[in-house]
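Enquirer: Take a look at this one; I'll ask things after.
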Amino acid sequence: MTLLALLASPALAGKATSERWKMLWDKQAAQTATWEGASYEQRLIATHNTFWPSVYAKCAGKAKSAGIDEFSAVAVIDAEGRITEFVIFPDNPALMCFSEDMVGRRYPAPPVAPFHEGFTVTLGKH
67 MTLLALLASP
77 ALAGKATSER
87 WKMLWDKQAA
97 QTATWEGASY
107 EQRLIATHNT
117 FWPSVYAKCA
127 GKAKSAGIDE
137 FSAVAVIDAE
147 GRITEFVIFP
157 DNPALMCFSE
167 DMVGRRYPAP
177 PVAPFHEGFT
187 VTLGKH
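Here's what the structure looks like:
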């Protein structure tokens, strides 16, 4: 019984989230460091910039109100280019809108799947 309570503790959940975040961030760094990955990233960014302004407009206010100035994220992209996860660090409820709005959006099909693309987002002045 004690073990179950320990596994459910928020501190351990936060550590697991941090470790997973680091693993995904390292994967995106390795994938985008290749010529093939860097080339794909350029096509991805062109598509990303067509929908990001609406995501930002919808979600930034809540994050700014919570005092968040910057966050990082990794998009996990499947073989068809669909975002299956948008994992955010730090893990904060005020940033959930970004994750919810990004999952399901499409980029061009990546050279390998899953492909991991990293973002650092600055939210600007409150």
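67 is the number of the first residue of the sequence shown in the numbering used here; add one for each residue after it.
Heads up, the beta-carbon is just placed ideally off N, CA and C, and yes, glycines get one too.
#1: In this structure, how does DSSP classify residue 184 when only helix, strand and coil are distinguished?
#2: Can you tell me where the beta strand (DSSP E) with residue 136 in it begins and where it stops?
#3: Drop a sphere of 10 angstroms on the beta-carbon of residue 177, count the other beta-carbons inside from all chains shown, and report buried for 16 or more, exposed for fewer.
#4: Per DSSP, what kind of secondary structure is residue 148 in: helix, strand or coil?
#5: Using three-state DSSP, classify residue 172 as helix, strand or coil.
Expert: On the basis of the coordinates in this document:
#1: Along the sequence shown, one-based indexing puts residue 184 at 118. In this structure, residue 184 counts as strand in the three-state DSSP scheme.
#2: In the sequence shown, counting from the first residue as 1, residue 136 sits at position 70. Unbroken beta strand (DSSP E) run through residue 136: 136–143.
#3: Working through the sequence shown from its first residue, we reach residue 177 at position 111. With fewer than 16 other Cβ atoms within 10 Å, it is exposed.
#4: Locating residue 148 in the sequence shown gives position 82, where the first residue counts as 1. Strand.
#5: Translated into positions along the sequence shown, residue 172 becomes position 106. Residue 172: strand per DSSP, three-state reduction.
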